[in-house]
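Encoded as C-alpha cells, the structure appears first; notes follow it.
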Amino acid sequence: MENEHNILVVEDNLGDFELIDDFIVEQLKFYKITHAKSYKEAEAMLNITTNNFTVVLLDLSLPDHSGEKLIHDMMSLCKNIPVVVLTGYTDFAFGVKSLGMGVADYLLKEDLNGTLLFKSIVYSTERKKISRELEESEKRIRNFANQLNKALEEERSQIAREIHDEFGQQLVGLKMSLSTLKRQNGISTETIDVVNSLMADVNVSIEMVRRIANELRPVLIDKLGLFVALEWLVNEFEKKTGIKSRIDIESKQKQFNKAVEINI
6 MENEHNILVV EDNLGDFELI DDFIVEQLKF YKITHAKSYK EAEAMLNITT
56 NNFTVVLLDL SLPDHSGEKL IHDMMSLCKN IPVVVLTGYT DFAFGVKSLG
106 MGVADYLLKE DLNGTLLFKS IVYSTERKKI SRELEESEKR IRNFANQLNK
156 ALEEERSQIA REIHDEFGQQ LVGLKMSLST LKRQNGISTE TIDVVNSLMA
206 DVNVSIEMVR RIANELRPVL IDKLGLFVAL EWLVNEFEKK TGIKSRIDIE
256 SKQKQFNKAV EINI
C-alpha cells in the first residue's frame, strides 16, 4: 500500500512497546508494526528480505545488547533503513555521538508523545529516501562520467594511432625518398644542400608527430606501465620549460588498473 510505514520496534519492555504502539495508531493511517524483544530477534527479522521495514525504533537497553555497540551493530544490519533511537538515557553527549554514528533521530522516552514520534518517523523515512535517491543519482553520474571518459580515451587513442601510423609513416617515407634522391649520381652540391635541409625539416616533423601522439595517449602506459610514463612526462616537461624537475618513485610500486593509470 502506498505510504505505508512498515515499522520494526525493538523493545524488551512490554509497557513501553504498548505506549509506542498507541502513539503510532494515533498518528499513522497506514502502518504495520513488528515487535522484537531482543537484538537477536531483530537481527533475524532484518535478515528476512521480505520484511521491507521502512524504519526501526530501537531501545538502547536490550537484554542481550545495549549502548554504543548496539547502535553500531544495528546500523550495520539496517543499512538503508533509518534507525530512530528511543531511550531513557538523558546523556546529551551520547545522543550527539549516536547521531554521528548514523542514527536518524534520538528521542527520550520521557518526552515522547504521538506528534513527536510521528514527525520523527516521517522525517527519518523521507530523509533516507532522498538520501538513497541522491546516492543513486550520484552513481548514475559517476557511471556516465566513466563512460564519457572511456569514450574520450578511446577517441584520443585512435587519433594518436592515426597520427603516428598514418602521418608518421608518410613522413618516414618522404625521408627515405629524400635519402634516395641524395644518393643519385650526378646530383649537384646545391641540390644536396636543399635535400639535407628538407631532411632536417622532416626529422623535426617526425619528432613533433611522435610528441603529439604521445601527449594524446602515451604509448609507454600500455607497453611499460604508469611509472615509466610518468618519468617520460616529467622529462618532457623539463625539456619544454627548462625547469629542473625530478620525480621520486618508491621501488615497491603499487599496481593500478588501466582506467586509474590513464586518469593519473
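So in our numbering the end of the sequence shown lands on 269, straight run, no missing numbers. Note that the Cβ used here is the ideal one computed from N, Cα and C, for glycine as well. These numbers were taken from a predicted model, which means no experiment stands behind them.
query	result
Neighbour-count burial assignment, V177, 16 or more Cβ in a 10 Å radius	exposed
Contacts around K180, its chain only, beta-carbon distance under 8 angstroms, and the 5 residues preceding and following it disregarded	M204, V207, N208 and I211
Alpha carbon of K84 to alpha carbon of H70, nearest angstrom	19 angstroms
Beta carbon of F232 nearer than 8 angstroms to that of I267	no
Cut-off 7 angstroms between Cβ atoms - residues of its own chain near I226, not counting five sequence neighbours on either side	A234, E266 and I267
Bridge partners - K37, DSSP secondary structure assignment	N11
Buried versus exposed call for T55 [16 or more other C-beta atoms within 10 Å across all chains shown]	exposed
Residues sharing a beta bridge with D227, DSSP	Answer by DSSP bridge pairing: none, since D227 is not bridged.
Status (buried if at least 16 other CB within 10 Å, exposed otherwise) for F149	exposed
Backbone secondary structure at L65 - three-state DSSP	coil
I214 to K245 span [Cα, whole Å]	The residue asked about is misnamed: residue 214 is Val in this sequence, not Ile. Taking the straight line from one Cα to the other gives about 16 angstroms.
Residues near F22 in its chain [Cβ-Cβ closer than 8 angstroms; skip 5 each side]	V14, E16 and H40
Close beta carbons around E9, own chain, < 6 angstroms, minus the five adjacent residues each side	F35
Nearest-angstrom Cβ-Cβ length linking L33 and F123, presumed shorter than 8 angstroms	7 angstroms
Rounded straight-line distance, which links the Cα of I12 to that of I135	19 angstroms
Exposure of N219, with buried meaning 16 or more beta-carbon neighbours within 10 Å	buried
Whether V239 touches S256 by CB criterion (8 angstroms)	no
Nearest candidate by alpha-carbon position, reference L24, set H169, E115 and V60	E115
Close-in-space but distant-in-sequence residues of the same chain around T120 (CB under 8 angstroms, 5 per side omitted)	Q32
C-alpha gap between I199 and L186, whole angstroms	Reading off the sequence, residue 199 comes out as Val, not Ile. Spanning the two alpha carbons is a distance of roughly 11 angstroms.
Runs of alpha helix (DSSP H) lying entirely within the stretch 78–107, each at least 4 residues, in chain order	97–105
Burial state of T59, where buried means 16 or more other Cβ atoms lie within 10 Å	buried
Three-state class that DSSP yields for L117 in the structure shown	coil
Best match in H169, T196, I252 and Q260 for proximity to R216 [C-alpha to C-alpha]	H169
Through-space distance from V108 to M6, alpha-carbon basis	Because M6 carries a pLDDT of 44, less than 50, the predicted location of this residue cannot be relied on, and the following value inherits that uncertainty. Going from the Cα of M6 to the Cα of V108 covers about 26 angstroms.
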